Structure formats: structure tokens, C-alpha cells
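Protein chains: 2
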Amino acid sequence: MVDVAVVGAGQTRYGNHPLGLKGMWAEAARDAFNSIDNDFDPVMIDEAFIGSIAFGGSQLGNTAALLTEHSGMDGVAVRRVENACASSGFAFRDAWMAIKSGQADVVVAGGIEKMNDLTPERKRYWLGVSGDTEWERLAGLTFPGTYALMARRYFHEFESSHDDLVHVSVKNHHHGSLNPMAHIQKEVSFEKASSGFMVADPLTLYDCCPTSDGASCIVLAADHVAKKLTDTPVWVRGSGAASDRLALHDRPSITQLQATQVAGKRALGMAGIGAEDVDLAEVHDCFTIAEVFATEDLGFAKRGEGGKFAREGLGRLNQGSTTINASGGLKSKGHPLGSTGTGQVVEVFKQLRGEVTSSRQVRGAEVGLTHNVGGSGATCAVHVFGRDQR
Amino acid sequence: MVDVAVVGAGQTRYGNHPLGLKGMWAEAARDAFNSIDNDFDPVMIDEAFIGSIAFGGSQLGNTAALLTEHSGMDGVAVRRVENACASSGFAFRDAWMAIKSGQADVVVAGGIEKMNDLTPERKRYWLGVSGDTEWERLAGLTFPGTYALMARRYFHEFESSHDDLVHVSVKNHHHGSLNPMAHIQKEVSFEKASSGFMVADPLTLYDCCPTSDGASCIVLAADHVAKKLTDTPVWVRGSGAASDRLALHDRPSITQLQATQVAGKRALGMAGIGAEDVDLAEVHDCFTIAEVFATEDLGFAKRGEGGKFAREGLGRLNQGSTTINASGGLKSKGHPLGSTGTGQVVEVFKQLRGEVTSSRQVRGAEVGLTHNVGGSGATCAVHVFGRDQR
Numbered sequence: 000m001v002d003v004a005v006v007g008a009g010q011t012r013y014g015n016h017p018l019g020l021k022g023m024w025a026e027a028a029r030d031a032f033n034s035i036d037n038d039f040d041p042v043m044i045d046e047a048f049i050g051s052i053a054f055g056g057s058q059l060g061n062t063a064a065l066l067t068e069h070s071g072m073d074g075v076a077v078r079r080v081e082n083a084c085a086s087s088g089f090a091f092r093d094a095w096m097a098i099k100s101g102q103a104d105v106v107v108a109g110g111i112e113k114m115n116d117l118t119p120e121r122k123r124y125w126l127g128v129s130g131d132t133e134w135e136r137l138a139g140l141t142f143p144g145t146y147a148l149m150a151r152r153y154f155h156e157f158e159s160s161h162d163d164l165v166h167v168s169v170k171n172h173h174h175g176s177l178n179p180m181a182h183i184q185k186e187v188s189f190e191k192a193s194s195g196f197m198v199a200d201p202l203t204l205y206d207c208c209p210t211s212d213g214a215s216c217i218v219l220a221a222d223h224v225a226k227k228l229t230d231t232p233v234w235v236r237g238s239g240a241a242s243d244r245l246a247l248h249d250r251p252s253i254t255q256l257q258a259t260q261v262a263g264k265r266a267l268g269m270a271g272i273g274a275e276d277v278d279l280a281e282v283h284d285c286f287t288i289a290e291v292f293a294t295e296d297l298g299f300a301k302r303g304e305g306g307k308f309a310r311e312g313l314g315r316l317n318q319g320s321t322t323i324n325a326s327g328g329l330k331s332k333g334h335p336l337g338s339t340g341t342g343q344v345v346e347v348f349k350q351l352r353g354e355v356t357s358s359r360q361v362r363g364a365e366v367g368l369t370h371n372v373g374g375s376g377a378t379c380a381v382h383v384f385g386r387d388q389r
Numbered sequence: 000m001v002d003v004a005v006v007g008a009g010q011t012r013y014g015n016h017p018l019g020l021k022g023m024w025a026e027a028a029r030d031a032f033n034s035i036d037n038d039f040d041p042v043m044i045d046e047a048f049i050g051s052i053a054f055g056g057s058q059l060g061n062t063a064a065l066l067t068e069h070s071g072m073d074g075v076a077v078r079r080v081e082n083a084c085a086s087s088g089f090a091f092r093d094a095w096m097a098i099k100s101g102q103a104d105v106v107v108a109g110g111i112e113k114m115n116d117l118t119p120e121r122k123r124y125w126l127g128v129s130g131d132t133e134w135e136r137l138a139g140l141t142f143p144g145t146y147a148l149m150a151r152r153y154f155h156e157f158e159s160s161h162d163d164l165v166h167v168s169v170k171n172h173h174h175g176s177l178n179p180m181a182h183i184q185k186e187v188s189f190e191k192a193s194s195g196f197m198v199a200d201p202l203t204l205y206d207c208c209p210t211s212d213g214a215s216c217i218v219l220a221a222d223h224v225a226k227k228l229t230d231t232p233v234w235v236r237g238s239g240a241a242s243d244r245l246a247l248h249d250r251p252s253i254t255q256l257q258a259t260q261v262a263g264k265r266a267l268g269m270a271g272i273g274a275e276d277v278d279l280a281e282v283h284d285c286f287t288i289a290e291v292f293a294t295e296d297l298g299f300a301k302r303g304e305g306g307k308f309a310r311e312g313l314g315r316l317n318q319g320s321t322t323i324n325a326s327g328g329l330k331s332k333g334h335p336l337g338s339t340g341t342g343q344v345v346e347v348f349k350q351l352r353g354e355v356t357s358s359r360q361v362r363g364a365e366v367g368l369t370h371n372v373g374g375s376g377a378t379c380a381v382h383v384f385g386r387d388q389r
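Residue numbers (numbering that gives the first Met the number 0), protein chains in the order written: chain A, 0 to 389; chain B, 0 to 389.
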């Protein structure tokens, strides 16, 4: 069976982007193509998968084909993949399978979201439609409320408090301050993050990711092609995906994400490694409590000790065995829904190749992991990457 | 490389369905599972791909996970695939690749759309968002107008007139009258279809597909599993997909669909057969003129002779070498956008197994083809099926 590598990766800066969908995508694609070391031509691309919720609805149908025609990929077999905020994590998985299938040698996986050109009311609608419509959204529960319920329950079940979430926020803002592509590039103090504007008790503004525009684009290739395109491919060592009930009341526990546990176990199992072997992980911290869950569900911390993990600063850059969200994460790098999954891959690709700002470089990074969640845990895709092929 | 077969296929009746998304999907999935000859359990499903535009937007994010949790597929790695009206044609392709990749043995591909619970104004919006937003939709051009422009140009370039489209309509209504799952199960006379209510000159009501609710579900399996599940698998012999510019003004010709030509050539080439070997083809006749294009672009008729092909009744049930739209096609069976592609596979599966009403059976059907188009030709997926494995 063929091995698959990432040979190029690019993205726009996250934030309030001046361009629309087509321009943003073209920028990310160009950045990805330019990152490929040796001669590359977009006509080499056999297949493409683009993750997006098509936020705002200006181009809800055939979004993917519209984007490829604006980036030199005319005629390519392309489709949009949608799984709420995990859209491009799944787009990446499907791109990987397309190469594994022997039907394609060079495949693009990407993601995009344009969130900042809507009124606040329309934004609320578009952010709500990824939760369970019947039981949650129409009853008034949107994601800050969902994650607030989960956080409250976590504090009840385990020795943890909002202070632990503040530690997550401070860490991710610190990492983001070192990332020139991040939406929010500034430090926040523990004091400031402790006393933020309340959004949904106990979550304050400093617990919630911003509303970002952004696009990201990854070029994957089969081993024999990858080695021609670059001397430093980043290998896809494992992929896992799973789903769960959308509505919280249907789950046996709301202080862990079962989809993360299953997807993580599959991806690490395929790579033949344990969580302790991962040098850096980009995890889905749409809210700070979600990072606490991710560190436990992926195995970086024991069950119930994710809060302690944050408190002790174990995910901080080059502090523990695994740096968590070196990019700044969704909290600080930003969260342009459909772009987030492949945006995480951009960070891991550049970290493993030693191409990030030196102040943000994870020392001796050999193995990276990406963790992308849809909604409040209904879908999840995890990928493991390595500098070594196997 | 593993061969892939369809082992089960089911669908709801198309039309104005009393149930919502979850109920419709559960009905189609149950129908598909029940169609599998030997012991089958949904826990065998490794991966699922569901095509939908999420029409109406009640569940725009994580739609796919919501559906699988309501059909005994809890926890499965699932995603929504969106390519406008070609959504489930691509979902099927991605399911096929997932098995080819060796990562999955049993995979579900399906599609769904609930169209009839919106106001006419909202329907217009949701039908418009699959065309090019910037150049067409916002200028007021919706699909009847797009295809009307293409029809006018076709009549200008070739010896053809609206009468040829009437022949397509009469044929497809005839086939649909024999299909108990069709939206419109009645014959129309040539006279009646000639004098229909004008929608977009030259297209009348009898040239346009209806607005349908519907869901369809296909179970695919790797060869070694397929043979355990059934004695009569239907083999996927070829798959092809392509994209094209969304806006008509960007294409060199508007009387042919380049994406169909490329996808068809790839699928037939992979199967190692010619169009003349296909016993039945389910083609994407969202408007009658689209069937004329499809018969030419797929090679059933020569360029410019699709009108003549229709006039001479060559696509009529058991009249020529290839029966076109034995199900009634989108015109008469109905067109629940996201469901159409896998709905076509349901018809081919049942026809090749000799399981349709005897009056609709294509005699000696050994090879079938499905052709699913997104928008006015921006995306296209073609599949070839055979009773024989190779």
C-alpha cells in the first residue's frame, strides 16, 4: 500500500481578511504551491477536497468547484466536505484515502471560511446550525452555552476550576503572539483573562475563540511522487475519524468527547506510537475547556487531570513532552470553521520542517498530531505526522 | 487492488414526503439494509458519505452525523459531501475510493434532500445558491434560465427544436408511470407537453424536473465481504469525475458539458467498454435539454444528434441499444438534489438484479451507467456498473 506525504502547505493570515472566498482561497493555494521545493504544476493535481460550512451562504452549492477554478486547478475532480468545524479534518482524511486508493497521486485538501461579512444576527444563525437543531439550537442553546454546561460539569466531577481554563488561554495567547499568521497576536495576563467579559458562565471572552476569516491548503502526494517534489516530505503516519451523538443529553458523559477518544486511538494505533511520542499537537480549543478535554481524550493527560495539566503549564512551548497548540490554537490563531483542520496541518508541516519563527519552534520536533472537532463533539478527525516515513 | 461491489440499495419514495430529514434517512437506510441478502449488521459499516445541500438550512452543520445516529450507524466515521445536485454522485465516488484504499471494507454512500417545507421565496434562494453567485445568481439568473439559454443556443447550432425536448419529457413520464417510487407517476401526451406553461422560454413546465423530497442509501463492500453478503453483487466497474467553470460565459461552448465528457470518458475507460455496451443509463435530466446534452456527451449519440436521438425514441425502454432513464429520470422520478446521484444507483442496482416491476425491466441488462451533474455542469460524476466483476 502506498505511503502518503504532505509536500506543500499554505494559508492566509487568519482574522478579518479583506478578500472574499475566491481571493482567500487563491492566496492559500498559491502559498501552498510555492512551498513545494521542486518543480510543481497545479495540473498535476488529480483530486481535491475542500472543507467548508459555506458560512453566510453566498455560494452554498458547488463551492468547491468555484474555488478550484480560481486557483489554476481547472477541471479537477473536486467536492466540498462538510462536518461543521471538522470539515477540513475530514477533507484531509478523504484526500489521504484517495491516494491510498491508487486512484490519485497528487491531491489537494483544504478549507475555507469567510465569517466577518455578516451581521451579528446572521453570524449567530450560521454558528448555531452546527449544533443539534431539534434539541439544542431551536431551544436557544448555542456553542458557548453548550461548552459552558460541559465546563460546569467538569468542575463538578473533578478537582478543577475556571483558573485552569485561564492557564489554557494565557498559554495559547502567548503562542499566538509568536505566530505572524495568527488572528490575535498578543499576550494576555492571568489577571486579565481571569476577569474577562462573561459570555456563558463560566466561560468569558478569553475562553472563546474569535470569529475569523481564513483559508488553508495542503498538497498531498503518493510516496514515489512526493520524493520528487521535495527532499523533506512530512509523512502521514496515521488517520482516525469517528462520530458521536449531536445532542449532549444523548451522551453517557459530557466531560469527555467519545469521538476524539476513538479517532485518536485509531490514528495513534496506525502510527504505532503512544501519545507520549508526540512532540506537538494542534488540538481543537474552540473554547478553553475543549483543550482540557482534548489533552485527556488524546492521552496527554489522565482522565480528570486535564485541568492540572494546564495549571502546571505542561502544554507550554518546549515545557513538557508535548507542546499543545504551538500555533496559538483556535483561541489565538483563530477559527475560520472550515479552514481549521487543514490549518492545523500547516502548523505541523512547518514545525516538523523547522520552518516556523525560531521563537515558536518546538525543539527536536519529529512527530506531530492534529485534532479537529465538529460541533460539540459530533465528529472528529485525528491525524499523526512524522518526519520519518514509518 | 480490491474490487468494489454494491450489495444493498434503498430509497424513500420521491415526492412530498411526510417525514423530516431524520425519518426519511432512516427509511432509506432501512430499505437498503433489508435489501442485503445475507446477514448484515450496521455495525459492519466502517465509513459513510452522505450527499446533501442541506436545503433549507435547518441542519447545515454536522448533517451527516445527525443522520447516521438515527439509523443504527452510531459512531461511524461520516461526513457530508456537497457538490450541488451532484452531491451524492461524489459521495458514491468517495465511498468507492475509501474501499479501494484498503481502509474500509463496508461503506455507506447516500443522499438526502427535504425541499418541500419551505416557502416559494426560500426555495428560490436555495435553488439559486448552486449557480455562480457573482455572475449569475445575483444578476437574477436561476437554473431554468441557465438551461433555457443553453437550449436556445443548441437549437441555433444544430437541427433541433423544442419538439425534441417534448419527446424526452413524454418518454421519461412514461417510464416514471411504471415506477412506484417516482414522484410523478403519470403519462403525458405529446400535445400536452408541447403546450405547457412557459417557465423560461423555450422551457415549459414539462421540461423542468419537480421539487422533490427524498433519500437514498447504498451499501458498498470490498469483494471478499461482498461475496459473503450476497450472491448477486453489482460491481462498480468504473468511476470518473471532473469539474468545470460555474458561469456559462467562462465556457468555450454552452451546448455541451465538458465535465460530463471527461467524467464519462474516464468511467467508461476504466470499465474498458464503450457507450454502446451500456444497457441502461440514468442521466441527469434536471431539464429535458440536459438529457439531450448527456446522450451526446456520454457518447450515446453523436455531437449535434441528441435531439434526433430523442425524436427517434432511441432511449425509450427496450427500443434502442441503451435505455435512458428507465426510472423516469429527474423529470418524472423526481430530483431531491442531494439524493439524486445515489438514487440513480438504486435504479441500476435493481435493474441489473432484475428486481424492478416487470413492465419497467430493461431486458438482458448487464451493464448500467449513472450520470450526476452539479449545477449547470460545474461538477459531474459518472459510474459504470456490471453484473460481472470484470
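Idealized CB from N, CA, C, for every residue including glycine. What you are looking at is a predicted structure, and each value in this text was computed from that prediction instead of being measured.
Here residue 189 of chain A is exposed: its Cβ has fewer than 16 other Cβ atoms, across all protein chains shown, within 10 Å. Contact annotation: residue 355 of chain A and residue 215 of chain A have beta-carbon atoms that are not nearer than 7 Å. Residue range 339 to 351 is occupied by the alpha helix (DSSP H) that includes residue 346 of chain A.
Between the alpha carbons of residue 317 of chain B and residue 363 of chain B lies a distance of about 10 Å. Counting along the chain, the unbroken beta strand (DSSP E) around residue 10 of chain B starts and ends at 3 to 10. Shown in chain order are the members of the stretch 329 to 347 of chain A whose Cβ falls below 9 Å from a Cβ of chain B: 336.
Not one beta carbon of chain A lies nearer than 7 Å to the beta carbon of residue 149 of chain B.
Interface residue (Cβ-Cβ distance to chain A less than 7 Å): residue 2 of chain B is not classified as such.
When DSSP reads this structure, residue 219 of chain A sits in a beta bridge with A:5, A:106.
Using a Cβ-Cβ distance cut-off of 8 Å, the stretch 202 to 210 of chain A and the stretch 280 to 300 of chain A are in contact, since at least three pairs of beta carbons, one from each stretch, lie closer than that value.
Collapsing the DSSP output to three states places residue 25 of chain A in a helix. Closer than 7 Å to the CB of residue 89 of chain B there is at least one CB belonging to chain A. At a cut-off of 7 Å, the C-beta of residue 96 of chain A has a neighbouring C-beta in chain B. Burial is judged here by how many other beta carbons sit within 10 angstroms of a residue's own beta carbon; residue 213 of chain A has at least 16 and is buried. According to DSSP, residue 366 of chain A shares a beta bridge with A:385. DSSP lists B:214 as the beta-bridge partner residues of residue 111 of chain B. In the three-state scheme derived from DSSP, where H, G and I count as helix and E and B as strand, residue 292 of chain A is classed as helix. Within 10 angstroms of the beta-carbon of residue 296 of chain B lie 16 or more other beta-carbons, which makes it buried. Following the DSSP letters along the chain, one finds residue 78 of chain B inside the beta strand (DSSP E) bounded by residues 76 to 81.
For chain B, the residues of the stretch 372 to 387 of chain A that bring a beta carbon within less than 7 Å of one of its beta carbons are 373, 374, 377, 378, in chain order. Neighbours of residue 57 of chain B in chain A, taken as residues at a C-beta separation under 7 Å, are given in chain order as 132. Taking the Cβ atoms as the reference, residue 332 of chain B lies roughly 6 Å from residue 182 of chain B, within the contact range of under 8 Å.
Secondary structure of residue 120 of chain A (DSSP, three-state): helix. For residue 98 of chain B, the secondary structure class from DSSP, reduced to helix, strand or coil, is helix.
Residue environment analysis places residue 37 of chain B among the exposed positions, since fewer than 16 neighbouring C-beta atoms fall within 10 angstroms of its C-beta. For residue 269 of chain A, no beta strand (DSSP E) segment is defined; the enclosing uninterrupted segment is the alpha helix (DSSP H) at 257 to 270. The beta carbon of residue 73 of chain A sits closer than 8 Å to those of 67, all from its chain and outside the five residues before and after it, given in chain order.
Counting only runs of 4 or more residues that sit fully inside the stretch 159 to 229 of chain A, the alpha helix (DSSP H) segments are 161 to 176, 189 to 193, 222 to 228, in chain order. Distance from the Cα of residue 266 of chain B is smallest, within the candidate group B:248, B:367, B:14, for B:367. For residue 253 of chain B, no CB of chain A lies under 7 Å from its own CB, so it is not counted at the interface with that chain. Residue range 279 to 281 is occupied by the beta strand (DSSP E) that includes residue 279 of chain B. With 16 or more other Cβ atoms inside 10 Å of its own Cβ, residue 143 of chain A counts as buried. As the crow flies, the alpha-carbon of residue 169 of chain A is around 13 Å from that of residue 194 of chain A.
Taking every protein chain shown into account, the CB of residue 389 of chain A has fewer than 16 other CB atoms within 10 angstroms, so this residue is exposed. By the C-beta density criterion, residue 330 of chain B is buried, having at least 16 other C-beta atoms within 10 angstroms.
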